[in-house]
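S.K.:
Structure representation (structure tokens):
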């Protein structure tokens with residue numbers, strides 16, 4: 009690359025994490041169990057039998073971790089607050105728990121790193137789950153209380169707030185596929201959770217707006233690009249429509265258009281989508297936002313198969329969770345496109361990110377005048393550290409990030425209003441049902457000593473963040 013691609017001077021380069029995946033300190037300073045603490049106690053739920061009780065011990069190592077961010081030239085850090093720590097059991101403020109985040113924010117500001125707070129990254133208090141969790145409408149109102157409570161503590165210093173991270177995962181993966189906490193397999197519960205999560209988002213936006221109308225508010229959604237396996241086959245085209253509806257439009261249409269897509273309502277009629285929606289809910293859900301966070305990991309091609317035919321192994325998350333009754337009477341499964349795969353088994357196709365960003369601006373953010381930020385993008389690979397703990401992931405993770413940044417740059421040149429890129433993740437961490445068997449971090453964590461060692465991808469990304477140019481990988 010003789011002429012490195014240049015990003016705007018105000019384009020944000022940062023990293024993202026989630027509380028349960030890195031903090032540890034599961035029983036300290038008043039924190040109470042979340043649904044993930046509970047799920048980790050159930051045999052067979054976590055691949056390696058691990059839990060988040062220590063994780064990366066970020067709770068005790070936070071100042072050094074912030075210093076590490078500064079050394080990597082990051083200007084934005086997106087983190088989540090633990091509902092189970094801030095408002096244990098869904099109750100009132102726990103001052104000791106909130107103080108941790110207050111110290112975190114202060115240290116970030118001292119290092120000129122912009123704090124970006126996500127209120128919910130999947131760690132619902134277990135006490136609320138025992139009352140129905142996201143299948144219970146009241147949980148949406150408890151979320152709004154939590155948002156208001158935390159705004160009183162951090163609203164004077166945190167400029168950007170995200171309500172929910174990936175509601176697709178905390179509904180479909182959690183209440184229907186059984187892969188994420190609380191680990192249920194009930195399609196009706198899943199669609200109830202979809203609606204109540206969206207209602208919580210809208211109520212949370214209203215609560216934060218009431219606190220300070222100048223805050224930048226949004227939601228982070230995860231997306232796939234649903235390609236028909238054969239564009240000339242009507243069944244494959246319909247399969248892609250169903251995936252797009254159940255993965256993308258079911259969340260974006262209520263937020264931006266104040267309605268559920270008619271075809272999705274029909275596809276999910278057997279699970280009761282629409283029945284749980286009350287008068288006035290969609291007006292709340294479509295409360296105006298200021299930024300849309302986009303999480304992107306892989307695309308995919310799809311086809312339909314009759315239920316009595318053999319179902320091949322899905323090739324990505326969309327195929328995994330949606331080869332189920334959510335998309336009509338027939339199952340929808342992934343078709344391998346013979347692309348490279350990450351250690352998660354997910355296809356790598358950076359071109360799909362450019363396609364996605366253009367589509368989102370055309371159909372959603374552009375008409376609303378809302379910018380986008382890539383709030384998560386990254387990859388797990390089977391890292392091989394040397395004797396010093398250093399991982400040379402130039403040909404894997406760094407290449408993945410570079411190619412996706414090239415796609416973001418191409419989207420910018422297409423005219424897409426995209427304001428930043430946050431890599432997932434800063435640290436290797438507890439990867440949910442995979443435990444510690446998958447590593448997404450640009451910084452390696454030795455889980456025995458908890459030593460942090462920046463990988464080659466981190467050193468390269470630090471140069472990109474400093475120069476705002478897509479410097480060649482070989483210059484690391």
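Residue numbers (our numbering): 9 to 484.
C-beta atoms are modelled at their ideal positions from N, C-alpha and C, and glycine is treated no differently.
Predicted model, so just to flag it, every value in this text is computed and none were measured.
1) Please classify residue 241 as buried or exposed, where buried requires at least 16 other C-beta atoms within 10 Å of its C-beta.
2) Is it right to say residue 377 is buried, meaning 16 or more other beta carbons lie within 10 angstroms of its own, or is it exposed?
3) Between the alpha carbons of residue 333 and residue 268, how many angstroms are there, rounded?
4) Nearest to residue 433 by CA position, among 219, 366, 462, 52, is which residue?
5) Can you say whether residue 346 is buried or exposed, counting buried as having 16 or more other CB atoms within 10 angstroms of its CB?
6) What is the rounded straight-line gap between the Cα of residue 327 and the Cα of residue 94?
7) For the beta strand (DSSP E) holding residue 20, just list the boundary residues, first then last.
8) Quick check: the Cα distance between residue 358 and residue 348, rounded to an integer number of angstroms?
9) Starting from the C-beta of residue 26, find all residues in its chain whose C-beta is less than 6 angstroms away, skip the five residues before and the five after it, and write them out in chain order.
10) Thinking just about the alpha-carbon of each residue, which of 42, 233, 61, 139 is nearest to the one in residue 342?
11) Considering only residues of the same chain and omitting the five flanking positions on each side of residue 163, which have a CB-CB separation below 6 angstroms?
12) Since residue 364 and residue 231 should fall inside the 8 angstroms C-beta cutoff, what is the C-beta to C-beta distance between them, to a whole number of angstroms?
13) Please confirm whether residue 350 and residue 24 have their CB atoms less than 8 angstroms apart.
14) Taking just the CA atoms, how far does residue 471 sit from residue 315?
15) Would a C-beta distance cut-off of 8 angstroms place residue 481 and residue 370 closer than the cut-off?
16) Work out the CA separation of residue 126 and residue 96 for me, nearest whole Å.
17) Are the Cβ atoms of residue 443 and residue 54 separated by less than 8 angstroms?
18) Quick one: Cα of residue 454 to Cα of residue 238, how far?
19) Mapping DSSP to helix, strand and coil, what is residue 134?
20) Which partner residues of residue 462 appear in the DSSP bridge assignment?
21) What number of angstroms, rounded off, separates the C-alpha of residue 156 from the C-alpha of residue 393?
22) For the beta strand (DSSP E) containing residue 438, name the first residue and the last one.
23) Exposed or buried, residue 17, counting other C-beta atoms within 10 Å across all chains shown (16 or more means buried)?
24) Please state whether DSSP places residue 480 in a helix, a strand or coil.
M.R.: Taking the structure as given:
1) Numbered from 1 along the chain shown, position 233 holds the residue referred to as residue 241. Answer is exposed; the Cβ neighbour count stays below 16.
2) On the chain shown, position 369 is the one that residue 377 refers to. Answer is exposed; the Cβ neighbour count stays below 16.
3) Translated into the one-based positions of the chain shown, residue 333 becomes position 325. Translated into the one-based positions of the chain shown, residue 268 becomes position 260. With a pLDDT of only 45 at residue 333, under 50, the local geometry of the prediction cannot be trusted, and no value is derived from it.
4) As a first step, residue 433 must be located in the chain shown, where it is residue number 425. Among 219, 366, 462, 52, the Cα nearest to that of residue 433 belongs to 462.
5) Counting from one through the chain shown, the residue named residue 346 turns up at place 338. Residue 346 should be labelled exposed.
6) For this step, residue 327 is matched to residue 319 along the chain shown. For this step, residue 94 is matched to residue 86 along the chain shown. Any reading at residue 327 needs caution, since the residue's pLDDT is 40, under 50, leaving its predicted position unreliable; the model's value is listed next. Rounded to the nearest whole angstrom, the CA to CA distance from residue 327 to residue 94 is 35 angstroms.
7) The residue labelled residue 20 in the question sits at position 12 within the chain shown. Its beta strand (DSSP E) spans residues 20 to 24.
8) To locate residue 358, count along the chain shown from 1; it is residue 350. To locate residue 348, count along the chain shown from 1; it is residue 340. One C-alpha to the other measures close to 11 angstroms.
9) Here residue 26 refers to the residue found at position 18 when the chain shown is read from its first residue. 88, 129, listed in sequence order.
10) On the chain shown, position 334 is the one that residue 342 refers to. With distances taken between Cα atoms, residue 342 lies closest to 233.
11) On the chain shown, position 155 is the one that residue 163 refers to. So the qualifying residues of the chain are 219, 220.
12) For the purposes of this step, residue 364 is taken as the residue at position 356 of the chain shown. For the purposes of this step, residue 231 is taken as the residue at position 223 of the chain shown. Right, the Cβ-Cβ distance comes to about 6 angstroms (below 8 angstroms), so this counts as a contact.
13) Position 342 of the chain shown, counting from 1, holds the residue named residue 350. Position 16 of the chain shown, counting from 1, holds the residue named residue 24. In this structure, residue 24 does not lie closer than 8 angstroms to residue 350 by Cβ.
14) Mapped onto the chain shown, residue 315 falls at position 307. Mapped onto the chain shown, residue 471 falls at position 463. Because residue 315 carries a pLDDT of 41, less than 50, the predicted location of this residue cannot be relied on, and no value is offered for it.
15) The count along the chain shown starts at 1 and reaches residue 481 at position 473. The count along the chain shown starts at 1 and reaches residue 370 at position 362. Between residue 481 and residue 370, the C-beta spacing is not below 8 angstroms.
16) Along the chain shown, read from residue 1 onward, the residue named residue 96 stands at position 88. Along the chain shown, read from residue 1 onward, the residue named residue 126 stands at position 118. Straight across, the Cα-Cα distance linking residue 96 with residue 126 is about 17 angstroms.
17) Working through the chain shown from its first residue, we reach residue 443 at position 435. Working through the chain shown from its first residue, we reach residue 54 at position 46. In contact: residue 443 and residue 54 (Cβ atoms closer than 8 angstroms).
18) Within the chain shown, residue 454 is the residue found at index 446, counting from 1. Within the chain shown, residue 238 is the residue found at index 230, counting from 1. Using only the alpha carbons, I get a separation of about 45 angstroms.
19) As a working note, residue 134 is residue 126 in the chain shown. Note: residue 134 maps to helix in three-state DSSP.
20) Counting from 1 along the chain shown, the entry for residue 462 is found at position 454. Looking at the DSSP assignment, residue 462 forms a beta bridge with 451.
21) To locate residue 156, count along the chain shown from 1; it is residue 148. To locate residue 393, count along the chain shown from 1; it is residue 385. Their Cα atoms are separated by approximately 44 angstroms.
22) As a position in the chain shown, residue 438 is number 430, starting the count at 1. If you look at residue 438, you'll find it isn't in any beta strand (DSSP E); DSSP assigns it neither H nor E.
23) Start at 1 with the first residue of the chain shown, and residue 17 comes out as number 9. Residue 17 is exposed by the Cβ-count criterion.
24) Against the chain shown, residue 480 aligns to sequence position 472. Residue 480 falls in the coil class under three-state DSSP.
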